[in-house]
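Counting from 171, one number per residue, gives the positions in the sequence shown under this note's numbering. We put the CB at the ideal spot given by N, CA and C, even for glycine. Since the structure is predicted, the reported quantities are computational estimates derived from the model, not experimental observations. Below is one structure, written out as structure tokens, with a few remarks after it.
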Amino acid sequence: MAYRDDVYISVKRAFEENSQRARKDAEQRRRSLSAKYPEIDEVERKLSMTALSVFKAATMGTGELQARIDAVKAENQMLLQRRKELLKLYGFPENYFEPVYKCKICNDIGFKDGIMCQCMQKELSARMLEVSGIGSLAKKMRLDNFDLSYYSDDPDGYKYIAAAYKAVKKFCEDFNGNDDDSLLFIGNTGTGKTHLSVAAAVEIVNKGHYVVYNTSQNIFDDFVYDKTHMSSNEMSRSEKYFKCELLVIDDLGTENITQFSIASLYNLINTRRCDGKSTIINTNLTNKDLRSKYDDRIFSRLMGEFSLYLFKGTDIRMKKLYNAID
Ligand SMILES: [Zn+2]
Numbered sequence: 171m172a173y174r175d176d177v178y179i180s181v182k183r184a185f186e187e188n189s190q191r192a193r194k195d196a197e198q199r200r201r202s203l204s205a206k207y208p209e210i211d212e213v214e215r216k217l218s219m220t221a222l223s224v225f226k227a228a229t230m231g232t233g234e235l236q237a238r239i240d241a242v243k244a245e246n247q248m249l250l251q252r253r254k255e256l257l258k259l260y261g262f263p264e265n266y267f268e269p270v271y272k273c274k275i276c277n278d279i280g281f282k283d284g285i286m287c288q289c290m291q292k293e294l295s296a297r298m299l300e301v302s303g304i305g306s307l308a309k310k311m312r313l314d315n316f317d318l319s320y321y322s323d324d325p326d327g328y329k330y331i332a333a334a335y336k337a338v339k340k341f342c343e344d345f346n347g348n349d350d351d352s353l354l355f356i357g358n359t360g361t362g363k364t365h366l367s368v369a370a371a372v373e374i375v376n377k378g379h380y381v382v383y384n385t386s387q388n389i390f391d392d393f394v395y396d397k398t399h400m401s402s403n404e405m406s407r408s409e410k411y412f413k414c415e416l417l418v419i420d421d422l423g424t425e426n427i428t429q430f431s432i433a434s435l436y437n438l439i440n441t442r443r444c445d446g447k448s449t450i451i452n453t454n455l456t457n458k459d460l461r462s463k464y465d466d467r468i469f470s471r472l473m474g475e476f477s478l479y480l481f482k483g484t485d486i487r488m489k490k491l492y493n494a495i496d
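Here it is, written out as structure tokens:
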């Protein structure tokens, strides 16, 4: 697992603040009722002396040590019971002075016995999804709503799509952030490439990994931006494409292809490969187009080091549209 540092730090800080606020609010309720009701104030004052009473019982007095400590405990229990009764009497819940935490497991700290609580894992996944670039696509394009039946009247197409679906499922199950498996989806528009790419990204984010998803045009725009702002103190826009554990490049070939974009793409693919990081690329270009538009080094990297999946068949987007109209 490797949450992006800034996301992890801000989530952890928010948890600490929530936990602190819950305790502060409880203390505020206690003070306010103590100021209003003298009986409650008296009970609270006695309860606050408990630690001192235990100390006194342990170090002073005569008789059995255990008996003295038991007496303090009994007194404490009696005071807590009295507090409950008084709160009830004045119309407050008996746990009114207890902090109200959203998560009863970790008391909003995010950790329990040194292990990250599920509530924090959930929050981190949600925040990682926000910064991954997947945005609203995450709700529509998931593995569990990828409907293979759309392809059933085209046995040839179905064979290819089913193989890709199976491969993506396995890719997601096996993903651990440092196996350098990479996938290349080649096929026409509307055959499900983007759906499976987004679905893979969502699954991997939910496993707690750092994922970045973007169209090739946006990615290379960021490279151009960095090149033209090299001397400024601004944060690099392309750094995330190198750092993330999974990069999804959507629609390779739709970018404005220049010598610079080709060099950037090679550098990106090559660096990620050397760092043992996975990449998913989908493209409408054919093998032939890929070879002619990019240089041989990129073509041989794509063909040699990516698992290639072909998406053949009818345009599912059109089919879905027709079904909606029928
Ligand atoms: Zn929790």
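Three-state secondary structure assigned by DSSP to Ile374: helix
Residue of Ala332, Gly362, Tyr320 and Asn376 minimising C-alpha distance to Asn346: Asn376
Proximity test, Gln288 beta-carbon vs ligand 1 heavy atom, cut-off 7 Å: yes
Rounded C-alpha distance that separates Leu318 from Phe412: 33 Å
Gly423 beta carbon less than 8 Å from that of Asn454: yes
DSSP state of Asn426 mapped onto helix, strand, coil: coil
Short Cβ contact (8 Å threshold) for Tyr383 with Ser302: yes
Distance CB(Asn113)-CB(Gly261) smaller than 8 Å: Since the displayed the chain opens at 171 and closes at 496, residue 113 lies outside it and no answer follows.
Reference Ala332; option with closest CA among Lys363, Val224, Lys243 and Leu307: Lys363
Ile468 - containing alpha helix (DSSP H), residue span: Asp466 to Glu475
Exposure of Thr441, with buried meaning 16 or more beta-carbon neighbours within 10 Å: exposed
Neighbour-count burial assignment, Arg183, 16 or more Cβ in a 10 Å radius: exposed
Gly305 CB to nearest heavy atom of ligand 1 below 7 Å: no
At least 3 beta-carbon pairs within less than 8 Å: the segment 352-367 vs the segment 325-339: yes
The segment 429-437 / the segment 385-404 touching (three or more Cβ pairs under 8 Å): yes
Proximity to Leu313 [Cα-Cα], best of Asp324, Glu293 and His365: His365
Asn452 classed as buried or exposed, judged by whether at least 16 other C-beta atoms fall within 10 angstroms: buried
Closer than 7 Å: Ile275 CB and nearest ligand 1 heavy atom: yes
C-beta atoms of Ala337 and Ser477 nearer than 8 Å: yes
For Leu354: DSSP bridge partner residues: Ile451 and Leu478
Cβ-based neighbour list, Lys282, same chain, cut-off 8 Å, excluding 5 preceding and 5 following: Ile275 and Cys276
Nearest candidate by alpha-carbon position, reference Tyr479, set Ser367, Val177, Met298 and Ser180: Ser367
Coil, strand or helix - Asp240 by DSSP: helix
Per-residue burial, Lys285 [other beta carbons within 10 Å of its own, 16 or more giving buried]: Sequence check: residue 285 is Ile here, not Lys. Under this definition Ile285 is an exposed residue.
Inter-residue spacing [alpha-carbon to alpha-carbon] between Tyr436 and Thr361: 27 Å
Beta carbon of Leu416 nearer than 8 Å to that of Ser462: no
Asn440, DSSP secondary structure in three states: helix
Ligand 1 heavy atom lying under 7 Å from the CB of Gly284: no
Neighbourhood of Arg252 by C-beta, 7 Å cutoff - its chain only, sequence neighbours within 5 removed: Val213
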